[in-house]
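Asks: A single structure is presented below for examination.
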Amino acid sequence: MKSENYQTEIAEQQTVLEVSELRKAFGELSVLENINFTVKHGEVVAIIGPSGSGKSTLLRLINQLEQVDGGNITVCGQILCANDANSNAIYSNQEILRQIRLKIGLVFQNFNLFPHFNIERNLTEAPTVVLGQTKEEVAAHARQLLSKLGLADKAKAYPWQLSGGQQQRAAIARALALNPEILFFDEPTSALDPELTGEVLKVIRSLAEENMTMVVVTHEMAFARELADRIIFMDQGLIIENGTPDEVFSSDNARTRNFLRRYHE
Amino acid sequence: MNYSVIIPYLLEGTVTALRLFALTLLLAVPLGLIVARLRAAKSPFINLPIRFYLLLMRGTPLLLQLIFFMYFPPFVLDISIDRFMAAIIAFSLNYGAYFAEIFRGGIDSIPQGQAEAAKVLGFSPWQTFSRITLPQVIKRVIPASANECMTLVKDTALAQTIGVFELFRAAQNTTSREVSIIPIIIAGAFYLIMNSVVAAIFSRAEKKLSYYKG
Ligand SMILES: Nc1ncnc2c1ncn2[C@@H]1O[C@H](COP(=O)(O)OP(=O)(O)O)[C@@H](O)[C@H]1O
Ligand SMILES: [Mg+2]
């Protein structure tokens, strides 16, 4: 008996993110419908799909930047929101929402670094202010992250002095400074010149090797195919595919094939 | 003309002008900040009165407002009010409205992604405002605020219409007593000096904040 409980506990721990029956509309426009998926610890999930299919909205809902209409979201066993009897999402209290926020990191397409702070301070501000960690431990962690991401010499530089690729790496470092359980990326290379995407993808790849749990919205098909454990293909607010790269890339679904064909030309 | 009498007399007026200026700023800047934030509130119960206040203050002459705050308390509320106090109230409410609009423009010009990034990093709304938004707003509102402050230096002259003895009143008194235009010219030089200092302070601040872009 005891060992059985233990087993289920392990299984539960391994699920970092659980989304079910999620829906979202902006006014009349339904953007997401009946979204269901889970992410396990250490998994890398790539989300692909045409522009306007709801990928960003999905990430923004999980990161509390938009309000869920209906559905359930659970992060590391903590309930972000859950449906009531009428399938309307009820949010947990502010303290739980705050705790969940600290478990999640989000990397934006256009970086959103704080321009008035140097790179080091971009990394240290949240751990000091939000988590109340001491300046010394925060600074040490920041130095370690910056050198890992190849930015050791940029600690005192301001965001405008960095290339796009360096800014995005700094933004990733900033998210990592809070030791998130799961890291989301919303088209992390879309704002970059083609020759700069490689350095960012390399960082994401190295995080995957360290078993970081990640959900990456991307248009880099080769990258998704190579790196992701699972690919979710979305179209018009629905999840059309959710499988291994091989499964998705060999799917018979007309929409999927249509979308992928465009990236093979 | 006896300059050893005129100059101290004009300086006395200058001190009052400076006190009007400083106290008004001290009240109008925080007021403007609060009003700018309330103006953005979604509830019409907050939003509408704020808009009405902004319209009233920017849509009627400052001179009229000065006279209103001089005579409204004693005649309608039966409260006696000191001239200087009435001037401070009128100036602060008026300049608070102008600063509010400047700050609102500044807050609106900060990309939404800044507050979103801060929220995702766990900053509370207040931490986001004070640590991320406000410092960037300050940089952006410096030029417009410099204008406003220079105008305020000159507008202190309006206080003489409700009997506050300040620089302009002092100059006028002297001019008619001495039948000379010199006191007015000296007063002009004093205003100019005050505003040179204001301009210098702002350009220093601007330089200091030029270490970053965006
Ligand atoms: N704040 C918003 N208000 C209204 N419509 C929105 C908003 N955000 C996104 N949308 C709409 O939702 C749909 C999905 O957008 P988005 O999630 O950004 O798609 P994707 O990231 O897949 O390109 C689009 O039609 C978009 O115009
Ligand atoms: Mg998007």
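Residue numbers (the working numbering), protein chains in the order written: chain L, 1 to 265; chain X, 1001 to 1214. Backbone N, C-alpha and C define an ideal beta-carbon position, used for all residues, glycine too. Computed from a prediction, not measured in an experiment: that's the story for all the values here.
Give a yes or no on whether the minimum CB-CB distance between F114(L) and chain X is below 7 Å.
Replies: Numbered from 1 along the first sequence, position 114 holds the residue referred to as residue 114(L). True, the Cβ-Cβ gap to chain X drops below 7 Å.
Asks: Interface residues of chain L around L1093(X) at Cβ under 7 Å?
Replies: As a position in the second sequence, residue 1093(X) is number 93, starting the count at 1. Listed along chain L, no residue sits closer than 7 Å to L1093(X) by beta-carbon distance, the nearest being about 31 Å off.
Asks: Since I231(L) sits in a beta bridge, which residues does DSSP pair it with?
Replies: Residue 231(L) sits at position 231 when you count from the first residue of the first sequence. Its beta-bridge partners are A46(L), G243(L).
Asks: Report the residue from G77(L), E125(L), A152(L), Q109(L) whose alpha carbon sits nearest the alpha carbon of L59(L).
Replies: Translated into positions along the first sequence, residue 59(L) becomes position 59. Nearest option by C-alpha distance: Q109(L).
Asks: 7 Å is my cut-off, CB to CB: does G1214(X) come that close to chain L?
Replies: Numbered from its first residue, the second sequence carries residue 1214(X) at position 214. Taking Cβ atoms only, chain L reaches closer than 7 Å to G1214(X), which makes this a yes.
Asks: Let me know the alpha helix (DSSP H) ranges lying completely inside the stretch 119 to 154 of chain L, each 4 residues or longer, listed in chain order.
Replies: 119 to 129, 135 to 148
Asks: Could you spell out the range, first to last residue, of the beta strand (DSSP E) harbouring E21(L)?
Replies: As a working note, residue 21(L) is residue 21 in the first sequence. Looking at the DSSP string, the run of the beta strand (DSSP E) that includes E21(L) is 15 to 26.
Asks: When we look at the beta-carbon of M1(L) and count the other beta-carbons within 10 Å, is it buried (16 or more) or exposed?
Replies: Position 1 of the first sequence holds residue 1(L). Reliability of the predicted coordinates at M1(L) is poor, the pLDDT of 43 falling under 50, and the value obtained from them is presented with this limitation in mind. The residue is exposed, with fewer than 16 neighbouring Cβ atoms inside 10 Å.
Asks: Run down chain X in chain order and give the residues with a C-beta less than 7 Å from the C-beta of L106(L).
Replies: Along the first sequence, read from residue 1 onward, the residue named residue 106(L) stands at position 106. What L106(L) touches in chain X: V1120.
Asks: For a test of your reading of the model: does the CB of K55(L) fall under 6 Å from any non-hydrogen atom of ligand 2? Yes or no.
Replies: For this step, residue 55(L) is matched to residue 55 along the first sequence. The answer is yes for K55(L).
Asks: Please name the residue or residues paired with C81(L) in a DSSP beta bridge.
Replies: As a first step, residue 81(L) must be located in the first sequence, where it is residue number 81. DSSP, once it has assigned bridges, lists I73(L), Y91(L) as partnering C81(L).
Asks: Does DSSP put D1082(X) in a helix, a strand or coil?
Replies: For the purposes of this step, residue 1082(X) is taken as the residue at position 82 of the second sequence. Here D1082(X) sits in coil by DSSP.
Asks: Residues of chain L with a CB under 7 Å from the CB of I1132(X): which are they?
Replies: As a position in the second sequence, residue 1132(X) is number 132, starting the count at 1. Neighbours of I1132(X) on chain L, chain order: F114.
Asks: Taking DSSP as the reference, what is the three-state secondary structure of G1096(X)?
Replies: Looking up residue 1096(X) in the second sequence gives position 96. Reduced to three states, the DSSP call for G1096(X) is helix.
Asks: Tell me, please, which residues DSSP counts as bridged to S1109(X).
Replies: For the purposes of this step, residue 1109(X) is taken as residue 109 along the second sequence, with counting starting at 1. The partner list for S1109(X) (beta bridge, DSSP) is empty, contrary to what the question assumes.
Asks: Would you grab the beta carbon distance between M1150(X) and V1198(X) for me? Rounded to a whole angstrom, and I think it's under 8 Å.
Replies: Here residue 1150(X) refers to the residue found at position 150 when the second sequence is read from its first residue. Here residue 1198(X) refers to the residue found at position 198 when the second sequence is read from its first residue. Sure, about 6 Å apart at Cβ, within 8 Å.
Asks: Could you give the distance in angstroms between the alpha-carbon of C81(L) and the alpha-carbon of I104(L)?
Replies: Position 81 of the first sequence, counting from 1, holds the residue named residue 81(L). Position 104 of the first sequence, counting from 1, holds the residue named residue 104(L). C81(L) and I104(L): Cα-Cα distance of roughly 15 Å.
Asks: On the DSSP bridge list, what partners appear for K40(L)?
Replies: Within the first sequence, the letter at position 40 stands for residue 40(L). BP columns for K40(L) point to T15(L).
Asks: Does any heavy atom of ligand 1 sit closer than 6 Å to the C-beta of G52(L)?
Replies: Counting from one through the first sequence, the residue named residue 52(L) turns up at place 52. Flag set: Cβ of G52(L) near ligand 1.
Asks: Counting only the same chain and skipping the five closest in sequence on each side, list residues whose C-beta sits under 7 Å from that of F1084(X).
Replies: For the purposes of this step, residue 1084(X) is identified with residue 84 of the second sequence, where counting begins at 1. Correct list, in chain order: V1164.
Asks: Determine whether the beta carbon atoms of A1090(X) and F1072(X) lie at a separation below 7 Å.
Replies: Stepping through the second sequence from its first residue, residue 1090(X) is reached at position 90. Stepping through the second sequence from its first residue, residue 1072(X) is reached at position 72. Not in contact: A1090(X) and F1072(X) (Cβ atoms no closer than 7 Å).
Asks: Along chain X, in chain order, which residues have C-beta atoms closer than 8 Å to that of E187(L)?
Replies: Sequence index remark: in the first sequence, residue 187(L) carries index 187 (1-based). Taking the beta carbon of E187(L) as reference, no residue of chain X falls within 8 Å; the closest one sits roughly 13 Å away.
Asks: Kindly list, in the order they appear in chain L, the residues whose Cβ is closer than 7 Å to that of P1135(X).
Replies: Taking the first residue of the second sequence as 1, we reach residue 1135(X) at position 135. Residues of chain L with a Cβ closer than 7 Å to the Cβ of P1135(X) are, in chain order, H116.
Asks: Could you tell me which chain L residues have their CB closer than 9 Å to the CB of F1123(X), listed as they occur along the chain?
Replies: Taking the first residue of the second sequence as 1, we reach residue 1123(X) at position 123. Per Cβ cutoff of 9 Å: E125, A126, V129, V130.
Asks: Mind checking K1052(X): buried by the 16 CB within 10 Å criterion, or exposed?
Replies: On the second sequence, residue 1052(X) is found 52 positions in, with the first residue counted as 1. The residue you asked about is not Lys; residue 1052(X) is Phe in the sequence shown. So F1052(X) counts as exposed.
Asks: Excluding five sequence neighbours on each side, which residues of the same chain lie with their C-beta closer than 6 Å to the C-beta of L201(L)?
Replies: Taking the first residue of the first sequence as 1, we reach residue 201(L) at position 201. The answer, listed in chain order, is F223.
Asks: My understanding is that K24(L) touches L32(L), with C-beta atoms under 8 Å, so please give their C-beta distance in whole angstroms.
Replies: Position 24 of the first sequence, counted from the first residue, corresponds to residue 24(L). Position 32 of the first sequence, counted from the first residue, corresponds to residue 32(L). Right, the Cβ-Cβ distance comes to about 4 Å (below 8 Å), so this counts as a contact.
Asks: Looking at chain L, which residues of the stretch 1086 to 1116 of chain X have a Cβ within less than 8 Å of any of its Cβ atoms?
Replies: P1111, G1113, Q1114, E1116
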